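Asks: Here it is, the structure, as structure tokens.
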Amino acid sequence: EGWDWRYRFIEHTWVTLYETLGGFALSMAVGVPLAVLIVYSPTLRLALYPLIILAQSVPKIAIAPVLLLILGFGEFPKMVVAFLVAFFPVVVDTATGLAATPPELLDLSRSYRASRFKTFLKVRLPLALPFIFAGAKVAITLSVIGAVVGEFVGSDKGLGYVILSATSYWKTELAFSAMIILSLMAIVLFAAVSLVERWLCPWLNPEAEG
Numbered sequence: 005e006g007w008d009w010r011y012r013f014i015e016h017t018w019v020t021l022y023e024t025l026g027g028f029a030l031s032m033a034v035g036v037p038l039a040v041l042i043v044y045s046p047t048l049r050l051a052l053y054p055l056i057i058l059a060q061s062v063p064k065i066a067i068a069p070v071l072l073l074i075l076g077f078g079e080f081p082k083m084v085v086a087f088l089v090a091f092f093p094v095v096v097d098t099a100t101g102l103a104a105t106p107p108e109l110l111d112l113s114r115s116y117r118a119s120r121f122k123t124f125l126k127v128r129l130p131l132a133l134p135f136i137f138a139g140a141k142v143a144i145t146l147s148v149i150g151a152v153v154g155e156f157v158g159s160d161k162g163l164g165y166v167i168l169s170a171t172s173y174w175k176t177e178l179a180f181s182a183m184i185i186l187s188l189m190a191i192v193l194f195a196a197v198s199l200v201e202r203w204l205c206p207w208l209n210p211e212a213e214g
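Just so we're aligned, residue 5 is where the sequence shown starts under my numbering, counting upward by one.
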């Protein structure tokens with residue numbers, strides 16, 4: 005069955021990949037700035053952290069139908085579901101990395117009268133990059149799950165739709181083919197983020213030093 009669907013699989017795979025990357029991009033675009041605000045503002049930290057934890061604790065399978073009713077049945081609602089699933093590790097890991105800057109480096113930066121922005125750009129951000137990428141690697145795999153959850157709830161395309169349709173008609177080979185493609189997609193995307201991390205953080209790769 006999987007081979008009979010090979011051409012349609014390409015179309016469905018591109019749809020899920022597009023939704024996954026869109027959700028991941030949203031999680032990074034929202035999560036990193038949100039983490040910066042949390043670290044730099046204790047008031048915002050107290051206000052936002054409970055809301056972030058609350059949003060994370062709500063089952064996304066319960067939110068997805070509401071989002072589809074509000075946003076429609078295109079790719080964007082699936083991106084939003086992927087974003088909601090993926091952004092939590094981005095926020096937490098980025099905030100942890102930014103807050104872990106050694107105090108002596110911050111004191112040294114102040115002694116040179118560096119502005120807060122320059123300190124962030126030259127000190128905090130580079131040291132936080134490993135944490136940011138740790139969150140990004142978790143987020144990219146969660147984005148795949150989020151996109152599929154959105155497709156389960158309401159879609160006529162995508163690998164989630166293929167799995168749902170195949171299981172409804174007891175086409176197990178077709179369903180397993182879609183699941184294998186999803187697994188490969190997650191592995192490739194995780195590897196891609198890891199490659200970007202090695203490029204931007206060469207000091208984390210001992211082999212590069214040799």
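Just so you know, even glycine gets a beta-carbon here, dropped at the ideal spot from N, CA and C. Model, not experiment: these values are computed from the prediction.
Which residues in the same chain have their Cβ closer than 6 Å to the Cβ of F77, if we skip the five residues on either side of it in sequence?
Replies: G158
Asks: Tell me, to the nearest whole angstrom, how far the beta carbon of A143 is from that of F13; I am working on the premise that it is less than 8 Å.
Replies: That belief does not hold up - the Cβ atoms of A143 and F13 are roughly 25 Å apart, past 8 Å.
Asks: Tell me which same chain residues have a C-beta within less than 8 Å of the C-beta of P134, skipping the five on either side of it?
Replies: G101, E201, C205, L208
Asks: Can you give, in chain order, each stretch of the alpha helix (DSSP H) that sits fully within the stretch 84-120 and has at least 4 residues?
Replies: 107-115
Asks: Note the first and the last residue of the continuous alpha helix (DSSP H) segment covering L55.
Replies: 46-61
Asks: So for S172, helix, strand or coil by DSSP?
Replies: helix
Asks: Check whether the Cβ atoms of I149 and V192 lie closer than 8 Å to each other.
Replies: no
Asks: Buried or exposed: where does F121 fall if 16 or more other Cβ atoms within 10 Å of its Cβ makes it buried?
Replies: exposed
Asks: List the endpoints of the continuous alpha helix (DSSP H) containing L208.
Replies: Neither: L208 is in no alpha helix (DSSP H) and is coded neither H nor E.
Asks: If you reduce the DSSP assignment to three classes, tell me which class F180 lands in.
Replies: helix
Asks: Taking the continuous alpha helix (DSSP H) assigned at G154, which residues delimit it?
Replies: Per DSSP, G154 belongs to the alpha helix (DSSP H) from 129-157.
Asks: Let me confirm a value: S66 is counted as buried when at least 16 other C-beta atoms fall within 10 Å, else exposed. Which label applies?
Replies: In the sequence under discussion, the amino acid at residue 66 is Ala, which differs from the Ser named in the question. A66 is exposed by the Cβ-count criterion.
Asks: How long is the line joining the alpha carbons of S147 and V166, rounded to whole angstroms?
Replies: Counting only the Cα atoms, V166 lies some 18 Å from S147.
Asks: Taking 8 Å as the cut-off, does the stretch 116-130 touch the stretch 169-188 (at least 3 CB pairs, one atom from each stretch)?
Replies: no
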